Amino acid sequence: MIDTVKTLGILFDDEQKNGYCSGEIVSGHVLLELLAVTQIKAIKITARGCARVCWNEGPCRAPLPTSAPMATPLLGHCIKEEVDYFGASQTLIETTGGSEDAEWVSLDAGRHEFAFRFLLPHRPLVTSFVGRHGKVQYWVNAVLQRPTAQDQNVRRDFPILCHVDVNSPSLLSPVSTIKEKMISWWIFTSGSVSLSVNIDRKGYCNGEVIPIYAEIENCSSRLVVPKAAIYQIQTCLAKGKTRTYRQVVASVRGNHIPSGSSDTWNGKTLKIPPLSPSVLNSALIRVEYSLAVTLQIPGARKLRVELPIVIGTVPYSGLGARCASVGSRVSRDMSWLSLALPEEPEAPPNYVDVVSEEEFELHTSSLVQSEDLERQLGGPIFAYFQEFRFQPPPVYCEVDPHPVLALEPPPQLGFPASTPAQKQGIGMVRGPTAGPHVRTRTSDREPCELPERVLHKRTSDRDPDKLSERWTAALLTVN
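Numbering of the sequence shown is given in our numbering, commencing with residue 143 and proceeding in unit increments.
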């Protein structure tokens, strides 16, 4: 037999809604597509919400027949429990009459839609969550009943959101803790490691950044590495037993801290990823979060401090509560302001006192001319550059604190003047071969007097022509 049902589905009126809250209406319609004329007995829809937990704990022997040749295997004992939060049902279409003379509803081929509406309870509902050992779910289930075929079911989950306002006073208070650990091996001690951590407030929302303030002191002989992480803690309770599961959802690592040194985190940031809000109002499942700062110590157990945090749904709204909550930390971080500051410098003089009224009118007359030109042209001038010719502001000190030193002329090479002509201003220069010579002024040239060392030099072993050339070069150099 060919099945005439092509599609059976559930569509919500607001498919983009992030979550429904207590007291709201969940509405939508059941979609049914048929390939041919079909007899329908009924279409019913049910809405339900519950929490379930289940885990195995401890081995136990499963009962087997006594004729089993081997020992019974060890199996874990399953612990489970379930709690309902709400339930409702509606009949969208139903046959009339009794079971014997019932008249089935005949639907033509094509697309059919059947609307439904459910009102959620006004009491607080638990936020939807799916964890390792438990879950909180809300769903709508539609059933198609036909007289000649098996029932068909379709299920669609919808999210429930219990709002947590991080602006409540209990979540705006700062959280801090301090811890110290003595590092030792056998009977030998290696020193101590201390860790102090605090945060501005306790409540945050997805996408926010947590600034971490920490002081780490390493007095041991080992290298320590700090690390901060956000943990999600899932706690399931059933039949008096508890099962806890922890997982890291975000982390950041700091720099290595050598032996005998310290480090400070002045607002090291850790961004919160998309997480499920904290679940604190369920009897079976609790979802909590904590910020843990850990010091990894080689050869020893880690030093860890944990600060409880709450992931909410209503974002942080103002700065007033923040300023009040972190006043102690701000006063500590801004303690350097108490240091002695230099006296306030004297303000520069006003330009009105420096530039006279006449000079101001002289340089602003061009502005009046430009306004007259605008009227003549009948439109604005789009670009106008006014030259700035005002006097510069006076200097604060008459003495230049950074004077430019004048370059002194290089000293002249030569011998001190010994003749009267030299004392009257004749310069001394050194020739290329004959030493110092005398050069007269241009106005009153006189015959050049050669030094006695040149005149009495032996020339018997030299060529006369070369000697005359050298004398000529010496004379030209002097002149």
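Idealized CB from N, CA, C, for every residue including glycine.
Keep in mind that this is a model prediction, so the values were computed, not measured.
Could you tell me if residue i is buried or exposed, where buried requires 16 or more neighbouring beta carbons within 10 angstroms of its beta carbon?
{"i": "Ala-380", "result": "buried"}
{"i": "Asp-145", "result": "exposed"}
{"i": "Ile-302", "result": "buried"}
{"i": "Cys-220", "result": "exposed"}
{"i": "Ser-270", "result": "buried"}
{"i": "Gly-276", "result": "buried"}
{"i": "Thr-290", "result": "exposed"}
{"i": "Pro-368", "result": "buried"}
{"i": "Thr-180", "result": "buried"}
{"i": "Leu-177", "result": "exposed"}
{"i": "Arg-265", "result": "exposed"}
{"i": "Val-272", "result": "exposed"}
{"i": "Ala-356", "result": "buried"}
{"i": "Val-390", "result": "exposed"}
{"i": "Trp-407", "result": "buried"}
{"i": "Leu-422", "result": "exposed"}
At what residues does the beta strand (DSSP E) containing residue i begin and finish?
{"i": "Leu-313", "result": "Run containing Leu-313: none in the beta strand (DSSP E); it sits in the alpha helix (DSSP H), 311–314."}
{"i": "Cys-378", "result": "367–380"}
{"i": "Pro-353", "result": "351–360"}
{"i": "Trp-246", "result": "First-last for Trp-246: undefined, no H or E at that position."}
{"i": "Arg-274", "result": "Premise fails: Arg-274 is in no beta strand (DSSP E) and is neither H nor E."}
{"i": "Gln-438", "result": "427–438"}
{"i": "Ala-251", "result": "Run containing Ala-251: none; DSSP gives neither H nor E here."}
{"i": "Leu-174", "result": "167–176"}
{"i": "Lys-321", "result": "317–327"}
Which of helix, strand or coil does DSSP assign to residue i?
{"i": "Gln-294", "result": "strand"}
{"i": "Ala-230", "result": "strand"}
{"i": "Leu-412", "result": "strand"}
{"i": "Phe-300", "result": "coil"}
{"i": "Tyr-458", "result": "coil"}
{"i": "Gln-181", "result": "strand"}
{"i": "Ile-152", "result": "strand"}
{"i": "Glu-223", "result": "strand"}
{"i": "Lys-344", "result": "coil"}
{"i": "Asp-405", "result": "strand"}
{"i": "Gln-287", "result": "strand"}
{"i": "Arg-572", "result": "Because Arg-572 sits at a pLDDT of 44, beneath the cut-off of 50, its placement in the model cannot be relied upon, and the point is left open."}
{"i": "Val-282", "result": "strand"}
{"i": "Gln-389", "result": "strand"}
{"i": "Ile-451", "result": "strand"}
{"i": "Pro-263", "result": "coil"}
{"i": "Gln-158", "result": "coil"}
{"i": "Lys-383", "result": "strand"}
{"i": "Cys-163", "result": "coil"}
{"i": "Asp-307", "result": "strand"}
{"i": "Leu-445", "result": "strand"}
{"i": "Thr-331", "result": "strand"}
{"i": "Ile-187", "result": "strand"}
{"i": "Arg-194", "result": "strand"}
{"i": "Thr-237", "result": "coil"}
{"i": "Ser-338", "result": "strand"}
{"i": "Arg-364", "result": "coil"}
{"i": "Gly-200", "result": "strand"}
{"i": "Ile-144", "result": "coil"}
Closer than 7 Å by C-beta to residue i: which residues in its own chain qualify, once you throw out the five before and the five after it? Chain order, please.
{"i": "Gly-706", "result": "With the chain covering only 143 through 621, there is no way to say anything about residue 706."}
{"i": "Ile-439", "result": "Ile-325, Val-335, Arg-364, Val-366, Leu-445"}
{"i": "Asp-155", "result": "Ser-169, Gly-170"}
{"i": "Val-225", "result": "Cys-192, Ala-193, Ala-425, Leu-426"}
{"i": "Glu-166", "result": "Leu-262"}
How many whole angstroms separate the CB atoms of residue i and residue j, which I take to be in contact at a CB cut-off of 8 Å?
{"i": "Val-306", "j": "Pro-419", "result": "5 Å"}
{"i": "Ile-354", "j": "Leu-337", "result": "Actually they are not in contact, since the Cβ atoms of Ile-354 and Leu-337 sit about 12 Å apart, beyond 8 Å."}
{"i": "Leu-261", "j": "Ser-164", "result": "In fact, because the Cβ distance is near 10 Å, the residues do not count as touching under 8 Å."}
{"i": "Ala-370", "j": "Val-435", "result": "5 Å"}
{"i": "Val-278", "j": "Ala-189", "result": "Actually they are not in contact, since the Cβ atoms of Val-278 and Ala-189 sit about 15 Å apart, beyond 8 Å."}
{"i": "Thr-233", "j": "Glu-245", "result": "That pair is no contact at about 16 Å."}
{"i": "Val-195", "j": "Lys-222", "result": "6 Å"}
Can you list, in chain order, the residues of its chain whose CB lies under 8 Å from that of residue i, leaving out five sequence neighbours each side?
{"i": "Tyr-663", "result": "The requested residue 663 does not occur in the structure, where the chain is confined to residues 143 to 621."}
{"i": "Gln-287", "result": "Ile-182, Lys-183, Ala-184, Ile-185, Lys-186, Asp-293"}
{"i": "Ser-318", "result": "Ser-338, Val-339, Asn-340, Ile-341, Leu-449"}
{"i": "Ser-310", "result": "Gly-345"}
{"i": "Gly-460", "result": "Asn-309"}
Any heavy atom of the ligand COA inside 7 Å of the beta-carbon of residue i?
{"i": "Ala-380", "result": "The ligand COA is not part of this structure, which contains no ligands at all."}
Please go through the same chain and pick out, in chain order, the residues whose beta-carbon is closer than 6 Å to the beta-carbon of residue i, but skip the five residues on each side of it.
{"i": "Arg-297", "result": "Trp-281, Asn-283"}
{"i": "Ser-432", "result": "Tyr-373, Glu-448, Pro-450"}
{"i": "Arg-388", "result": "Tyr-373, Ile-375"}
{"i": "Arg-385", "result": "Trp-197, His-275, Cys-378"}
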